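Residue numbers (the numbering used here), protein chains in the order written: chain A, 4 to 384; chain B, 4 to 384. Structure first, then comments.
2 protein chains.
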Amino acid sequence: MKFTVRRSAFINYLSDVQRAISSKVAIDILKGIKLNLTMDALILTGSDADISVETIISIGDDHAALEVEQVGSIVLPANFFINIVKKLPEDTLTIEVNERFQATITSGSSEFVINGLDPNEYPRLPEVDTTEQLLVASDVLKQVINQTVMAVSKQEMRPMLTGVHLVIENGELRAVATDSHRLSQRRIQLANADTTMRYDIIVPGRSLKELATMLDANKDDVVIQIAESQVLFMFGHSSFYSRLLEGMYPDTQRLIPTTSETQLELDAPSLMQSIDRASLLSHQGHSNVVRLKMEVDAQTATLFGNSPEIGNVEEEIAFQNLTGNDLEIAFNPDYMKDALRSFGQSTIKISFTQPLRPFILVPTENENDFVQLVTPVRTAD
Amino acid sequence: MKFTVRRSAFINYLSDVQRAISSKVAIDILKGIKLNLTMDALILTGSDADISVETIISIGDDHAALEVEQVGSIVLPANFFINIVKKLPEDTLTIEVNERFQATITSGSSEFVINGLDPNEYPRLPEVDTTEQLLVASDVLKQVINQTVMAVSKQEMRPMLTGVHLVIENGELRAVATDSHRLSQRRIQLANADTTMRYDIIVPGRSLKELATMLDANKDDVVIQIAESQVLFMFGHSSFYSRLLEGMYPDTQRLIPTTSETQLELDAPSLMQSIDRASLLSHQGHSNVVRLKMEVDAQTATLFGNSPEIGNVEEEIAFQNLTGNDLEIAFNPDYMKDALRSFGQSTIKISFTQPLRPFILVPTENENDFVQLVTPVRTAD
């Protein structure tokens, strides 16, 4: 195996594959990155058994300027190899592998000789044997992920809740995540979808976070294929595989209230900053709670944060509309900040029912396709 | 006590004082920042008992736009107070303190009430009762610090070595630091110094690092005053106090070799990058050693790094001059990188005597005023 490649492009490809590789993984060969060189392309693979990423540098890629001298393959220690490539002195590098799986990496006057592993020991990629596929625009998929994944549970007690529930039916994709204190749901219409297509899967939150980061640099549509225990996302030069979580996701539809007693309409970023200030104090108290008091006749909404030792904060918040009944409600400011962040710069409507019942946030512009739910907190006073 | 101040300027002043404050300090009141308001100025003080910083916001400062309504003083919890000020919604803020040391901080519709402490409990600043003073340009002092402080010892075994030795005599300032494996010495001429002035002090490395960071934003000359157990640096609106380390610093002059057998002249940044690459491998081995082999007849200098498990690296390095005897020498690449970094973009001369004797690095442009010394390492092979 021998090839020459342009260093800057190679580093970009390596970084994508590195996302799948974890130094914590128990299987030694998975700490490596697999390089497989054919006459047409160099195929890089990384995996931590849950997530696998494959990316293809073809000889047609002008940025990479790949020159194949002799085909072959090898597994090289990932972090180490990537650090070397990043620090090499020249614009290009040449890698040559001998029959004892030793790789000689040359760039300018610098020459590294690195011990690799037998590529035949490297696990095969999961098989996704379906011809059905979904097509989603890259930025839309990234938004769906970012608007839901922050609500997945961090607790391993109920493994299903560490994933995002994706339901595809009637030409629509619905994504839901909840940690049982808050819930986020986003819907999108699938442009060219077969309306008879039906899937119901749970994708680990960690997988989706890594995928969203990889999508940052991607402008192409993403092709999604779903099999028994795997989901495959294909875009640009890369394939991203994730295992699925097993089990039945709880029925979350019935959790979302459909009526409301008090309605507050305001700009998400402005409320976010007010809550951020109030949480400076609530973070010092052991209950981490912020109170919101709405008085409809007086048309005031006031936020309170309190720490017995340090002090308290009170702030009148600006809003566009306040209607319905007076209400005083308390909530975890961190959940509320996560929810507000997911609306970006939008104006939102918050619909409350009662002090101890969940309330929901929706964008004013599109009330049906995106909802964040937060469960209030009982306070002593 | 009551005043109004512009938030952005106030944050800058607070950040300077915050440098002196450590959340690890045992004395509770030192976790606070002292505010003392007179008719002319607001004086901020922070201290961790080793370092104290005082900074003065005068009513003449247009950026701060300080308005004094009622004089007084208070101690407020530092990190907490600074976070509040950073997150307030408007351009200005007002602070009003009542007789129970409660501070009401108002900005726009946001109002914080914070419990403070009695300013009479706050320790007094050290007294530096001398009229003698040194004057050093801010950028020169920062350079002297940065070129020496990285060589101080991290071990508390010999406390003196955790400081930088400053000797002022014959109108010259000499700064030396060593951790007994490497040494750095920098000299500067004192512009307007009285040549009879004589001081010999050891300043804690940590103090000098904080001072150097504060000097980043300073263009004024720095006035230095030295007392029995304290040194005081004055610049801009700030006074920076540090306690001195007690004891006799070892005689380091005799450690610096005055003859050499092999001389290598090259660009510091280029050698730095080569050593950085070689250290990728040496960091994996348990001895962390890089070898340099110089062959004068062949006019080659080659760097070797090696890790039995992972592999090895070999690199021929570029140089301007190689003279004297052939030599092979081994050293800790991290010490060498620290030393090389301190020369910036300069061309340097490295002078070796023997494989196990210290070697020195000096800038080609100015061989007398700056020297880095590195002790080689014995290797098995």
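All C-beta atoms, glycine included, are put in the ideal place defined by N, C-alpha and C. It should be emphasised that the depicted structure is a prediction, and the values quoted were computed from it without experimental measurement.
Between the Cα of residue i and those of the options, spot the shortest distance and give me the residue it belongs to.
i, options, result
"E93 (chain B)", "B:T107, B:I227, B:S113", "B:S113"
"R190 (chain B)", "B:V170, B:N86, B:I363", "B:V170"
"P80 (chain B)", "B:G239, B:S55, B:T58, B:D31", "B:D31"
"E159 (chain A)", "A:P129, A:H168, A:D182, A:L144", "A:D182"
"A68 (chain A)", "A:V8, A:A52, A:K34, A:K296", "A:V8"
"P162 (chain B)", "B:S263, B:M251, B:F104", "B:M251"
"E231 (chain A)", "A:K222, A:K212, A:N221, A:V206", "A:V206"
"L364 (chain B)", "B:N371, B:S354, B:Y125", "B:S354"
"V56 (chain B)", "B:T97, B:I85, B:G308, B:E213", "B:E213"
"S187 (chain B)", "B:E268, B:Y338, B:S110", "B:Y338"
"Y125 (chain A)", "A:P361, A:T95, A:G49", "A:G49"
"D341 (chain A)", "A:M297, A:V155, A:D254", "A:V155"
"V347 (chain A)", "A:F373, A:L193, A:P336, A:G327", "Residue identity differs from the one stated: residue 347 (chain A) is Gly in this sequence, not Val. Selected option, being the one with the closest Cα: A:F373."
"I85 (chain B)", "B:R257, B:Y16, B:M4", "B:Y16"
"R103 (chain A)", "A:L120, A:G111, A:V316, A:S26", "A:L120"
"P311 (chain A)", "A:M297, A:N328, A:L283", "A:L283"
"V116 (chain B)", "B:I148, B:Q105, B:L40, B:S110", "B:Q105"
"L247 (chain B)", "B:I204, B:L359, B:M200", "B:I204"
"E1 (chain B)", "B:S110, B:S263, B:G111, B:Q233", "Chain B is shown only over 4 to 384; residue 1 (chain B) falls outside these bounds and no answer can be derived."
Using DSSP's beta-bridge definition, name the partner residues of residue i.
i, result
"Q302 (chain B)", "Note: Q302 (chain B) sits in no beta bridge, so no partner."
"H168 (chain A)", "A:V179, A:I205"
"G35 (chain B)", "B:P80"
"E1 (chain B)", "Not covered by the structure: residue 1 (chain B). The range shown for chain B is 4 to 384."
"F334 (chain A)", "A:V293"
"A106 (chain A)", "A:V100, A:I117"
"K5 (chain B)", "B:Q73, B:E99"
"V225 (chain A)", "A:V139"
"V365 (chain B)", "B:K352"
"R189 (chain A)", "A:A178, A:F373"
"V234 (chain A)", "A:I229, A:S245"
"N324 (chain A)", "A:E268"
"T58 (chain B)", "B:L47, B:S241"
Does any residue of chain B have a CB that is nearer than 9 Å to the CB of residue i?
i, result
"Q348 (chain A)", "no"
"D337 (chain A)", "no"
"E99 (chain A)", "no"
"K68 (chain A)", "At residue 68 (chain A) the sequence reads Ala, which differs from the Lys that was named. No, because no Cβ of chain B sits closer than 9 Å to the Cβ of A68 (chain A)."
"I351 (chain A)", "no"
"I87 (chain A)", "yes"
"R280 (chain A)", "yes"
"S285 (chain A)", "no"
"V2 (chain A)", "Past the boundaries of the shown model lies residue 2 (chain A); chain A is included only from 4 to 384, so the question cannot be answered."
"Q105 (chain A)", "yes"
"E317 (chain A)", "yes"
"Q276 (chain A)", "yes"
Considering only the beta carbon of each residue, do residue i and residue j sit closer than 9 Å?
i, j, result
"A178 (chain A)", "T198 (chain A)", "no"
"G314 (chain A)", "N101 (chain B)", "no"
"L138 (chain B)", "V226 (chain B)", "yes"
"I24 (chain A)", "I36 (chain A)", "yes"
"L47 (chain B)", "L38 (chain B)", "yes"
"N82 (chain B)", "Q21 (chain B)", "yes"
"L330 (chain B)", "K296 (chain B)", "yes"
"L211 (chain A)", "V143 (chain A)", "no"
"R10 (chain A)", "L96 (chain A)", "yes"
"L45 (chain B)", "Q73 (chain B)", "no"
Residue i CB to nearest chain A CB: under 9 Å?
i, result
"F83 (chain B)", "yes"
"G314 (chain B)", "yes"
"P92 (chain B)", "yes"
"P80 (chain B)", "yes"
"I320 (chain B)", "yes"
"S113 (chain B)", "yes"
"Q136 (chain B)", "no"
Am I right that residue i and residue j are in contact with their C-beta atoms under 8 Å? What's the rounded C-beta distance?
i, j, result
"T58 (chain B)", "S241 (chain B)", "4 Å"
"P318 (chain A)", "S273 (chain A)", "Correcting the residue identity first, residue 318 (chain A) is Glu in this sequence and not Pro. No, E318 (chain A) and S273 (chain A) are not in contact; Cβ-Cβ is about 11 Å, not under 8 Å."
"I108 (chain A)", "I77 (chain A)", "So it is not a contact: roughly 11 Å between Cβ atoms."
"Q323 (chain B)", "T305 (chain B)", "At roughly 16 Å, the Cβ-Cβ gap does not stay under 8 Å, so Q323 (chain B) and T305 (chain B) are not in contact."
"E376 (chain A)", "L258 (chain A)", "According to the sequence displayed, residue 376 (chain A) carries Leu and not Glu. Going by Cβ atoms, the distance from L376 (chain A) to L258 (chain A) rounds to 7 Å, so yes, they are a contact pair."
"V316 (chain B)", "A281 (chain B)", "5 Å"
"S345 (chain B)", "M153 (chain B)", "7 Å"
"K27 (chain B)", "I98 (chain B)", "In fact, because the Cβ distance is near 27 Å, the residues do not count as touching under 8 Å."
Heavy atom of the ligand PLP less than 8 Å from the Cβ of residue i, yes or no?
i, result
"I148 (chain A)", "As far as ligands go, the structure on display features none, and thus does not contain the ligand PLP."
*Can you list, in chain order, the residues of the stretch 34-45 of chain A whose Cβ is nearer than 9 Å to any Cβ on chain D?*
Within the model displayed, chain D is absent; protein chains A and B are what it includes.
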